[in-house]
Amino acid sequence: MNNESLLEFVFRFRDAATNRQEKYVLGEVFEEENATLFALTGVEVIGFRRIADNFGVRHAFKKHGNPTIEEPRGQAAILPEDFEQINSIVVAAEKVVVELGKKGLFIIRYEKTIENFLLIYAEEIRIGQRELAFQTLYKRKIRKP
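The sequence shown begins at 954 in this note's numbering and counts up by one.
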């Protein structure tokens, strides 16, 4: 199991370049979530672990962690604390979309409004490893009418 908090893991790998994969277990997929994902993908994921790895953390910050780049896109730069929202995004997503990724694996994208932002979290199903693996996390500003 994890020897550090999720925030410690994120801070440790946000900018660290390493070729050695390290994983952080976010939780396990239970029956209710399995039913939803099975209906969308045809894949049984009960008992799979939801994980984040150092490569995904670094990718998310490289692509979505710079305010100068995110602001013109109508997005806000992600913060380490946003990673703590992953389980609540998954459990109470307002929208769940499934697509096939470049490697032919299912990518699940969850969207949830938290405060003034729409948080988008994406993970891929890795059947052989029995994992739902973090792909990216970003957030859009909600424009007021």
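The beta carbon of each residue, even a glycine, is placed where N, CA and C say it ideally should be.
(message) For the beta strand (DSSP E) containing T1021, name the first residue and the last one.
(response) Against the sequence shown, residue 1021 aligns to sequence position 68. T1021 -> not in any beta strand (DSSP E); alpha helix (DSSP H) instead, spanning P1020 to E1023.
(request) Would you kindly check if the distance between the Cβ of E1077 and the Cβ of F1059 is under 8 Å? (result) Position 106 of the sequence shown, counted from the start, is the residue given in the question as residue 1059. Position 124 of the sequence shown, counted from the start, is the residue given in the question as residue 1077. Contact flag set, yes.
(request) Just the C-alpha distance for L993 and V1051, rounded to the nearest angstrom, thanks. (result) As a first step, residue 993 must be located in the sequence shown, where it is residue number 40. As a first step, residue 1051 must be located in the sequence shown, where it is residue number 98. One C-alpha to the other measures close to 7 Å.
(request) Can you check the segment 971-1050 for any alpha helix (DSSP H) of at least 4 residues that lies completely inside it and give the ranges in chain order? (result) 984-994, 1007-1017, 1020-1023 and 1039-1044
(request) Under 7 Å Cβ to Cβ from L1071, same chain only, skipping five residues before and after it: list those, please. (result) Counting from 1 along the sequence shown, the entry for residue 1071 is found at position 118. Only E1064, K1092, R1093 and I1095 meet the Cβ criterion.
(message) In this structure, how does DSSP classify E961 when only helix, strand and coil are distinguished?
(response) Taking the first residue of the sequence shown as position 1, residue 961 is located at position 8. DSSP places E961 in helix when its eight states are reduced to three.
(message) Classify V1035: buried if its beta carbon has 16 or more other beta carbons within 10 angstroms, exposed otherwise.
(response) Here residue 1035 is taken as the residue at index 82 of the sequence shown, counted from 1. Per the sequence presented here, residue 1035 reads as Asp, with Val not at that position. Classification of D1035: buried, given that the 10 Å Cβ count is 16 or more.
(message) Just to check my reading of the structure: V982 and V998 have Cβ atoms closer than 8 Å, yes? What is that Cβ distance to the nearest angstrom?
(response) Start at 1 with the first residue of the sequence shown, and residue 982 comes out as number 29. Start at 1 with the first residue of the sequence shown, and residue 998 comes out as number 45. The pair is a contact, with the Cβ atoms about 5 Å apart (cut-off 8 Å).
(message) For the segment 964-975 against the segment 1010-1018, do three or more pairs of beta-carbon atoms, one drawn from each stretch, fall closer than 8 Å, so that the two count as touching?
(response) yes
(request) Go through its chain and collect everything with a Cβ distance to Y1074's Cβ below 6 Å, but skip five positions before and after it. (result) Within the sequence shown, the letter at position 121 stands for residue 1074. Contacts found: I1039, I1042, Y1063 and L1090.
(request) Give the straight-line distance between the Cα atoms of N1019 and R1026, rounded to the nearest whole angstrom. (result) Along the sequence shown, read from residue 1 onward, the residue named residue 1019 stands at position 66. Along the sequence shown, read from residue 1 onward, the residue named residue 1026 stands at position 73. Straight-line Cα distance between these residues: approximately 11 Å.
(message) So, for G980: in the same chain, excluding its five sequence neighbours on each side, which residues have a beta-carbon less than 7 Å away from its beta-carbon?
(response) In the sequence shown, counting from the first residue as 1, residue 980 sits at position 27. Excluding residues within five positions, the ones whose Cβ falls inside 7 Å are R1003 and N1040.
(request) Could you check the C-alpha separation between D1006 and R973 for me, to the nearest Å? (result) In the sequence shown, the residue the question calls residue 1006 occupies position 53. In the sequence shown, the residue the question calls residue 973 occupies position 20. Taking the straight line from one Cα to the other gives about 10 Å.
(request) Compare the beta carbon distance of E1037 and L960 with 8 Å and say whether it is the shorter of the two. (result) Along the sequence shown, read from residue 1 onward, the residue named residue 1037 stands at position 84. Along the sequence shown, read from residue 1 onward, the residue named residue 960 stands at position 7. Yes; because the gap between Cβ atoms is below 8 Å, this pair is in contact.
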